[in-house]
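A quick write-up on the structure given underneath.
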Amino acid sequence: MHESLTRQSVSWEAVIALDGANPSSLPEPLADDPRVRVVVLPRPVGAACARNLALGDIRTEYVNWADDDDEFTDDAMAVRLRTLETTGVGWCAGYSQDLYPDGTTSLWRCPTPPGWHAAGNVWTYWKNPEDTIPIGPTTILARTDLVRAAPMGGLVQGEDYMAAIGVTCLAPGIMLPVPVYRYRKHPGQMTRQDSYDVLEARARRHAWHYGRSLRAALSTRETSDAAGAV
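Each residue of the sequence shown is one higher than the one before, counting from 3 in this note's numbering.
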(Lines of atoms letter the chains of each structure in order from A; the text may use other names.)
(Lines give C-alpha, C1' and ligand atoms only; values in the text may rest on other atoms or scores of the structure.)
Protein backbone atom coordinates (compact mmCIF):
# COMPACT_ATOMS: atom_id res chain seq x y z
CA MET A 3 0.00 0.00 0.00
CA HIS A 4 2.75 2.44 0.94
CA GLU A 5 4.65 1.79 -2.27
CA SER A 6 1.54 2.52 -4.33
CA LEU A 7 0.97 5.76 -2.43
CA THR A 8 4.48 6.94 -3.27
CA ARG A 9 3.57 6.62 -6.97
CA GLN A 10 0.61 9.01 -6.73
CA SER A 11 0.90 12.33 -8.57
CA VAL A 12 -0.95 14.36 -5.91
CA SER A 13 0.01 15.05 -2.31
CA TRP A 14 -1.34 12.73 0.37
CA GLU A 15 -1.16 11.80 4.03
CA ALA A 16 -1.73 8.35 5.52
CA VAL A 17 -3.03 7.55 8.97
CA ILE A 18 -2.31 4.01 10.11
CA ALA A 19 -4.36 2.49 12.93
CA LEU A 20 -2.35 -0.07 14.88
CA ASP A 21 -4.98 -2.32 16.41
CA GLY A 22 -3.13 -3.13 19.62
CA ALA A 23 0.09 -3.94 17.72
CA ASN A 24 3.51 -2.86 18.93
CA PRO A 25 4.53 0.33 17.05
CA SER A 26 8.08 -1.03 16.80
CA SER A 27 6.77 -3.57 14.30
CA LEU A 28 5.97 -0.82 11.79
CA PRO A 29 8.10 -1.36 8.65
CA GLU A 30 10.95 1.11 8.35
CA PRO A 31 9.77 2.80 5.11
CA LEU A 32 6.51 3.74 6.83
CA ALA A 33 8.15 4.79 10.09
CA ASP A 34 10.55 7.07 8.19
CA ASP A 35 7.93 8.71 5.96
CA PRO A 36 6.74 12.08 7.37
CA ARG A 37 3.51 11.71 5.39
CA VAL A 38 2.57 8.70 7.51
CA ARG A 39 1.08 9.20 10.95
CA VAL A 40 0.37 6.35 13.33
CA VAL A 41 -2.51 5.94 15.77
CA VAL A 42 -1.40 3.48 18.44
CA LEU A 43 -4.22 1.78 20.33
CA PRO A 44 -3.29 0.24 23.69
CA ARG A 45 -5.26 -2.95 23.06
CA PRO A 46 -6.92 -4.70 20.11
CA VAL A 47 -10.39 -3.31 19.39
CA GLY A 48 -11.11 -4.70 15.92
CA ALA A 49 -10.88 -3.16 12.47
CA ALA A 50 -14.07 -1.08 12.64
CA CYS A 51 -13.28 0.56 15.96
CA ALA A 52 -9.59 1.08 15.13
CA ARG A 53 -10.40 2.83 11.87
CA ASN A 54 -13.10 4.97 13.45
CA LEU A 55 -10.71 6.11 16.18
CA ALA A 56 -8.06 6.92 13.57
CA LEU A 57 -10.59 8.94 11.57
CA GLY A 58 -10.32 11.67 14.18
CA ASP A 59 -6.69 12.22 13.11
CA ILE A 60 -7.49 12.92 9.45
CA ARG A 61 -6.36 16.40 8.43
CA THR A 62 -7.15 16.32 4.70
CA GLU A 63 -10.36 17.46 2.99
CA TYR A 64 -10.91 14.04 1.43
CA VAL A 65 -10.31 10.53 2.72
CA ASN A 66 -10.14 6.99 1.36
CA TRP A 67 -10.31 3.81 3.45
CA ALA A 68 -7.72 1.21 2.48
CA ASP A 69 -6.31 -2.13 3.60
CA ASP A 70 -2.57 -2.35 4.19
CA ASP A 71 -2.13 -5.46 2.03
CA ASP A 72 -3.68 -3.90 -1.09
CA GLU A 73 -2.64 -1.09 -3.42
CA PHE A 74 -3.94 1.87 -5.40
CA THR A 75 -3.47 2.28 -9.13
CA ASP A 76 -0.97 5.00 -10.01
CA ASP A 77 -3.60 7.60 -10.97
CA ALA A 78 -6.22 6.60 -8.39
CA MET A 79 -5.97 9.74 -6.28
CA ALA A 80 -5.53 12.22 -9.12
CA VAL A 81 -8.46 11.09 -11.26
CA ARG A 82 -10.93 11.04 -8.39
CA LEU A 83 -9.65 14.22 -6.75
CA ARG A 84 -9.98 16.07 -10.05
CA THR A 85 -13.56 14.86 -10.36
CA LEU A 86 -14.44 15.93 -6.82
CA GLU A 87 -12.91 19.38 -7.22
CA THR A 88 -14.51 20.10 -10.59
CA THR A 89 -18.02 18.79 -9.87
CA GLY A 90 -18.57 19.50 -6.18
CA VAL A 91 -20.05 16.06 -5.46
CA GLY A 92 -19.44 14.41 -2.11
CA TRP A 93 -17.72 11.23 -3.28
CA CYS A 94 -16.05 9.68 -6.29
CA ALA A 95 -15.40 5.96 -6.81
CA GLY A 96 -14.04 3.61 -9.46
CA TYR A 97 -13.62 -0.05 -10.27
CA SER A 98 -11.38 -2.48 -8.44
CA GLN A 99 -9.12 -5.25 -9.63
CA ASP A 100 -8.14 -8.55 -8.07
CA LEU A 101 -4.34 -8.79 -8.02
CA TYR A 102 -2.97 -12.34 -8.09
CA PRO A 103 0.45 -13.58 -6.89
CA ASP A 104 1.73 -13.88 -10.47
CA GLY A 105 1.02 -10.19 -11.09
CA THR A 106 -2.03 -10.67 -13.29
CA THR A 107 -5.29 -8.85 -12.56
CA SER A 108 -8.98 -9.29 -13.22
CA LEU A 109 -11.42 -6.39 -13.27
CA TRP A 110 -14.50 -6.24 -11.03
CA ARG A 111 -17.19 -3.95 -12.36
CA CYS A 112 -19.43 -3.18 -9.42
CA PRO A 113 -23.22 -3.19 -9.94
CA THR A 114 -23.37 0.61 -9.68
CA PRO A 115 -23.02 1.93 -13.25
CA PRO A 116 -20.65 4.74 -14.26
CA GLY A 117 -21.89 8.29 -14.04
CA TRP A 118 -23.51 10.71 -11.62
CA HIS A 119 -25.61 9.28 -8.78
CA ALA A 120 -28.04 11.05 -6.49
CA ALA A 121 -27.75 10.54 -2.75
CA GLY A 122 -29.15 7.11 -1.90
CA ASN A 123 -29.06 5.87 -5.48
CA VAL A 124 -26.16 3.44 -5.00
CA TRP A 125 -28.13 1.31 -2.54
CA THR A 126 -30.78 0.62 -5.21
CA TYR A 127 -28.23 -1.48 -7.11
CA TRP A 128 -28.06 -3.88 -4.15
CA LYS A 129 -31.26 -5.73 -4.98
CA ASN A 130 -31.04 -8.39 -2.27
CA PRO A 131 -28.80 -8.83 0.80
CA GLU A 132 -27.42 -12.04 -0.71
CA ASP A 133 -26.20 -10.23 -3.82
CA THR A 134 -22.75 -8.73 -4.22
CA ILE A 135 -22.34 -5.29 -2.68
CA PRO A 136 -23.18 -2.38 -5.03
CA ILE A 137 -19.87 -0.53 -4.77
CA GLY A 138 -16.33 -1.23 -3.60
CA PRO A 139 -15.87 0.54 -0.24
CA THR A 140 -12.13 1.06 -0.73
CA THR A 141 -12.65 2.59 -4.18
CA ILE A 142 -14.41 5.61 -2.68
CA LEU A 143 -12.65 8.94 -2.19
CA ALA A 144 -15.04 11.17 -0.24
CA ARG A 145 -15.25 14.39 1.69
CA THR A 146 -13.93 13.78 5.17
CA ASP A 147 -17.02 15.29 6.80
CA LEU A 148 -19.18 12.74 4.99
CA VAL A 149 -17.01 9.84 6.10
CA ARG A 150 -17.13 11.06 9.68
CA ALA A 151 -20.92 11.15 9.42
CA ALA A 152 -20.96 7.60 8.04
CA PRO A 153 -17.94 5.77 9.48
CA MET A 154 -17.34 2.04 9.85
CA GLY A 155 -20.35 0.09 11.10
CA GLY A 156 -20.34 -1.92 14.30
CA LEU A 157 -19.60 -5.28 12.71
CA VAL A 158 -16.69 -7.69 12.99
CA GLN A 159 -16.70 -7.95 9.18
CA GLY A 160 -18.59 -6.08 6.51
CA GLU A 161 -18.16 -2.88 8.52
CA ASP A 162 -16.96 -1.17 5.36
CA TYR A 163 -20.20 -2.13 3.57
CA MET A 164 -22.00 0.18 5.96
CA ALA A 165 -19.46 2.96 5.51
CA ALA A 166 -19.87 2.81 1.72
CA ILE A 167 -23.66 2.77 1.88
CA GLY A 168 -23.72 5.55 4.44
CA VAL A 169 -21.48 7.90 2.46
CA THR A 170 -23.35 7.34 -0.80
CA CYS A 171 -26.70 7.90 0.94
CA LEU A 172 -25.63 11.24 2.40
CA ALA A 173 -24.43 12.95 -0.78
CA PRO A 174 -24.43 12.63 -4.57
CA GLY A 175 -21.34 11.21 -6.21
CA ILE A 176 -19.75 9.95 -9.40
CA MET A 177 -18.68 6.46 -10.41
CA LEU A 178 -15.77 6.40 -12.85
CA PRO A 179 -15.35 3.43 -15.23
CA VAL A 180 -11.66 3.10 -14.40
CA PRO A 181 -9.84 0.84 -11.89
CA VAL A 182 -8.53 2.71 -8.86
CA TYR A 183 -7.85 -0.09 -6.37
CA ARG A 184 -6.27 -3.54 -6.40
CA TYR A 185 -7.21 -6.28 -3.94
CA ARG A 186 -4.16 -8.44 -3.46
CA LYS A 187 -5.16 -12.10 -3.37
CA HIS A 188 -3.12 -14.14 -0.89
CA PRO A 189 -3.67 -16.85 1.75
CA GLY A 190 -3.59 -14.37 4.62
CA GLN A 191 -6.64 -12.42 3.45
CA MET A 192 -9.47 -12.32 5.97
CA THR A 193 -11.86 -13.31 3.19
CA ARG A 194 -9.84 -16.47 2.60
CA GLN A 195 -10.16 -17.75 6.17
CA ASP A 196 -12.48 -20.63 7.08
CA SER A 197 -14.40 -18.49 9.57
CA TYR A 198 -15.22 -15.74 7.07
CA ASP A 199 -18.37 -17.28 5.59
CA VAL A 200 -19.89 -17.97 9.01
CA LEU A 201 -21.04 -14.36 9.49
CA GLU A 202 -20.89 -12.95 5.97
CA ALA A 203 -24.58 -13.47 5.19
CA ARG A 204 -25.65 -11.77 8.41
CA ALA A 205 -23.23 -8.89 7.90
CA ARG A 206 -24.58 -8.26 4.41
CA ARG A 207 -28.16 -8.45 5.63
CA HIS A 208 -27.46 -5.92 8.38
CA ALA A 209 -25.73 -3.50 5.98
CA TRP A 210 -28.50 -3.92 3.41
CA HIS A 211 -31.22 -3.09 5.94
CA TYR A 212 -29.15 -0.16 7.18
CA GLY A 213 -29.01 1.24 3.65
CA ARG A 214 -32.71 0.77 3.06
CA SER A 215 -33.65 2.43 6.35
CA LEU A 216 -31.19 5.31 5.95
CA ARG A 217 -32.33 6.02 2.40
CA ALA A 218 -35.98 5.93 3.47
CA ALA A 219 -35.38 8.22 6.43
CA LEU A 220 -33.52 10.79 4.32
CA SER A 221 -36.18 10.66 1.59
CA THR A 222 -38.92 11.21 4.17
CA ARG A 223 -37.09 14.22 5.59
CA GLU A 224 -36.60 15.74 2.14
CA THR A 225 -40.30 15.33 1.40
CA SER A 226 -41.21 16.90 4.75
CA ASP A 227 -38.86 19.84 4.20
CA ALA A 228 -40.29 20.42 0.72
CA ALA A 229 -43.84 20.36 2.06
CA GLY A 230 -42.93 22.84 4.78
CA ALA A 231 -41.48 25.24 2.21
CA VAL A 232 -44.66 25.44 0.15
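All C-beta atoms, glycine included, are put in the ideal place defined by N, C-alpha and C.
So is residue i buried or exposed if we call it buried at 16+ other beta carbons inside 10 Å?
i: L109; result: exposed
i: R111; result: exposed
i: A151; result: exposed
i: S11; result: exposed
i: T222; result: exposed
i: A219; result: exposed
i: P181; result: buried
i: S27; result: exposed
i: S98; result: buried
i: T153; result: Residue identity check: residue 153 is Pro in the sequence provided, not Thr. So P153 counts as buried.
i: P189; result: exposed
In angstroms with no decimal places, state the Cα-to-Cα distance between residue i and residue j.
i: G175; j: D199; result: 31 Å
i: W125; j: M79; result: 24 Å
i: D35; j: N130; result: 43 Å
i: A121; j: D76; result: 28 Å
i: A209; j: I167; result: 8 Å
i: R39; j: P25; result: 11 Å
i: P136; j: R186; result: 20 Å
i: L55; j: V47; result: 10 Å
i: I18; j: G155; result: 18 Å
i: H119; j: T85; result: 13 Å
i: Y127; j: E30; result: 42 Å
i: R206; j: D133; result: 9 Å
i: E202; j: D70; result: 21 Å
i: V149; j: A165; result: 7 Å
i: D100; j: S6; result: 15 Å
i: T8; j: I60; result: 18 Å
i: W93; j: L178; result: 11 Å
i: R184; j: R53; result: 20 Å
i: N123; j: V42; result: 37 Å
i: T146; j: H211; result: 24 Å
i: D104; j: M3; result: 17 Å
i: P139; j: W67; result: 7 Å
Could you spell out where the beta strand (DSSP E) holding residue i opens and where it closes?
i: Y97; result: W93 to L101
i: V41; result: V38 to V42
i: L28; result: It is not in any beta strand (DSSP E) - L28 carries neither H nor E in the DSSP assignment.
i: A19; result: A16 to L20
i: W249; result: Because the chain here runs from 3 to 232, residue 249 falls outside it and cannot be looked at.
i: H119; result: G117 to H119
Note the first and the last residue of the continuous alpha helix (DSSP H) segment covering residue i.
i: T88; result: A78 to T89
i: M154; result: Premise fails: M154 is in no alpha helix (DSSP H) and is neither H nor E.
i: M3; result: Per DSSP, M3 belongs to no alpha helix (DSSP H) and is neither H nor E.
i: P174; result: P174 -> no alpha helix (DSSP H), and no H or E assigned at all.
i: R53; result: A49 to L57
i: A144; result: No alpha helix (DSSP H) holds A144; the beta strand (DSSP E) holding it covers L143 to R145.
Can you round the beta-carbon distance between residue i and residue j to whole angstroms, since I take them to be within the 8 Å contact cut?
i: G64; j: A144; result: Just to set this straight, residue 64 is Tyr in the shown sequence, not Gly. The pair is a contact, with the Cβ atoms about 6 Å apart (cut-off 8 Å).
Taking three-plus beta-carbon pairs below 8 Å as touching, is the region 79-92 in contact with the region 149-167? Contact between the region 79-92 and the region 149-167 is not established, with fewer than three Cβ pairs separated by less than 8 Å.
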